[in-house]
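S.K.:
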Amino acid sequence: MTRAVAVVGAGAFGVRHLAAYRSLGVPVTALVEPDATTRARVAAEFDVPHAHASVADLLAAGRPEAASVCVPGPAHRAVAVDLLDAGVPVLVEKPLAASVDDAAAIVAAAERTGVLCQPGHILRHSAPHRALYEAVRAGRLGDVLAVSSRRDRPRTLSRLFPREHPALLTAVHDIDLALWYAGAPVVEVRAVTRTRPGPASPVLVWAELRHANDVVSSIRNSYLLPEHATNHTSDLVEVYGTDGVAHVDLGHPTLLVQGEPTEAPDWLLSPADGGGALAAELRHFLGQVDGTEPAAVVPLADGLHVVRVAEAVVDSATAGGAVRRIPPSPLT
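Residue numbers for the sequence shown follow our numbering, beginning at 130 and rising by one.
(1) I want to know whether the stretch 397 to 417 touches the stretch 291 to 306 - three or more CB-CB distances under 8 Å.
(2) I'd like the list of long-range same chain contacts for G249, defined as Cβ closer than 7 Å, with 5 residues on each side in sequence excluded.
(3) Whole angstroms are fine: how far does the CA of A227 sit from the CA of R319?
(4) Distance, Cα to Cα, L338 vs L297?
(5) Could you name the residues that DSSP lists as bridge partners for R349?
(6) Give the DSSP-derived three-state secondary structure of G249 in the structure shown.
(7) Please confirm if the stretch 195 to 203 is in contact with the stretch 134 to 153, defined as three or more CB-CB distances below 8 Å between the two stretches.
(8) Could you tell me the boundaries of the alpha helix (DSSP H) in which V442 lies?
(9) Where does P456 land, buried or exposed, given buried means 16+ other C-beta within 10 angstroms?
(10) Ends of the beta strand (DSSP E) at A172?
(11) Whole beta strand (DSSP E) runs in the stretch 165 to 224 with 3 or more residues, listed along the chain?
(12) Check whether the stretch 260 to 270 and the stretch 167 to 176 touch, using three or more Cβ-Cβ pairs below 8 Å as the test.
(13) Grab the span of the alpha helix (DSSP H) containing E240 for me, first residue to last.
(14) Mind reading off the beta-carbon distance from A209 to I251? Whole number of angstroms is fine, and I expect it under 8 Å.
(15) In the stretch 292 to 324, which residue ranges form an unbroken alpha helix (DSSP H) of at least 4 residues, counting only runs that do not cross its ends?
(16) Take A182 as the anchor and find which of V161, V200 and D176 has the nearest alpha-carbon.
(17) Measuring only the C-alpha atoms, how far is E263 from G327?
(18) Specify the secondary structure class of E367 as computed by DSSP and reduced to three states.
(19) Helix, strand or coil: how does DSSP classify A264 here?
(20) Can you give the beta carbon distance from E317 to R437, rounded, assuming they're within the 8 Å contact cut?
(21) Out of G404, A430 and R325, which one is the CA nearest neighbour of W396?
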């Protein structure tokens with residue numbers, strides 16, 4: 130298994146990647162973080178021997194075997210392209226990029242260099258979501274007719290990500306699940322958004338998608354839960370088929386501690402010990418790097434298409450719900 134791994138970005142998701150690599154027994158040999166205080170603190174916490182202020186410094190010190198890109202979305206293009214051009218396989222946290230142009234540039238770099246780029250869509254590595262996918266593919270629901278998803282988050286997200294549209298922050302999960310379960314790209318989008326006093330970005334996104342195989346998908350995302358909501362994963366996805374209906378519901382926490390403070394830890398996607406779906410995703414990524422995992426769970430084309438659909442959601446909502454059509458693109 131790959132041993133010289135770097136993590137780029139020491140924010141919340143960078144720390145989760147560090148914990149997940151540690152749970153797999155894979156030492157992270159380098160950390161990149163521009164903020165000196167954060168860089169020193171996180172490197173010490175996770176025993177990372179080399180900490181750098183930039184990707185250029187990282188590459189000058191010696192090329193890692195692989196890297197997780199955990200910087201904010203607008204910085205994905207610059208970081209991913211620099212690493213790919215240096216021959217470093219990358220896992221890029223969702224979304225692949227903050228715009229279609231940036232995502233296409235990352236795809237072009239991966240194709241030009243022949244270096245692995247894996248979009249970080251964690252829910253394809255979540256055990257219940259994968260079980261639902263296997264049931265769908267096995268035909269247990271008959272032909273898929275529709276996919277419906279709901280994702281509610283606390284109002285905190287409006288404060289933490291004031292300039293990021295929910296379509297490109299949280300709804301990318303649901304767009305990706307829709308692609309996965311429907312088994313076909315999205316060709317038509319219609320969306321509306323709603324706001325509340327204070328936040329600059331919408332706090333409610335409501336989108337309807339039509340796929341190339343005529344499956345329809347409904348996506349609802351909100352940032353309306355109270356600031357200190359106990360459960361931050363109030364998520365539901367449903368698949369409707371000609372022979373049945375199935376769903377994954379994360380709205381009921383595995384552990385609920387009603388103390389001071391009340392908390393519901395995440396035991397499924399990225400738990401504190403670094404296990405869960407994130408560890409499974411990183412294990413698959415390293416297997417792709419080593420060649421022991423020949424089939425990509427999230428093909429790069431899917432990562433680009435998710436961004437294309439998310440951008441169309443934003444555009445449709447801005448235009449008051451006007452239909453936006455997306456040229457068909459091949460998905461693996």
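We put the beta carbon where it would ideally sit given N, CA and C, even for glycine.
This structure is a prediction, so every number in the text was calculated from the model and none was measured.
M.R.: In short:
(1) No, the stretch 397 to 417 does not touch the stretch 291 to 306.
(2) L220, V221, E222, K223 and E410
(3) 20 Å
(4) 16 Å
(5) R279 and W335
(6) Strand, per DSSP.
(7) yes
(8) L429 to T447
(9) When all chains shown are included, P456 counts as exposed.
(10) Here A172 belongs to no beta strand (DSSP E); instead the alpha helix (DSSP H) covers A165 to E174.
(11) 179 to 181, 195 to 198 and 219 to 222
(12) Segments in contact, no.
(13) Element bounds for E240: V229 to T242.
(14) About 17 Å separates the two Cβ atoms, so there is no contact after all.
(15) 300 to 311
(16) V161
(17) The alpha-carbon separation between E263 and G327 amounts to approximately 43 Å.
(18) strand
(19) helix
(20) Wrong, their Cβ atoms sit about 12 Å apart, outside the cutoff.
(21) G404
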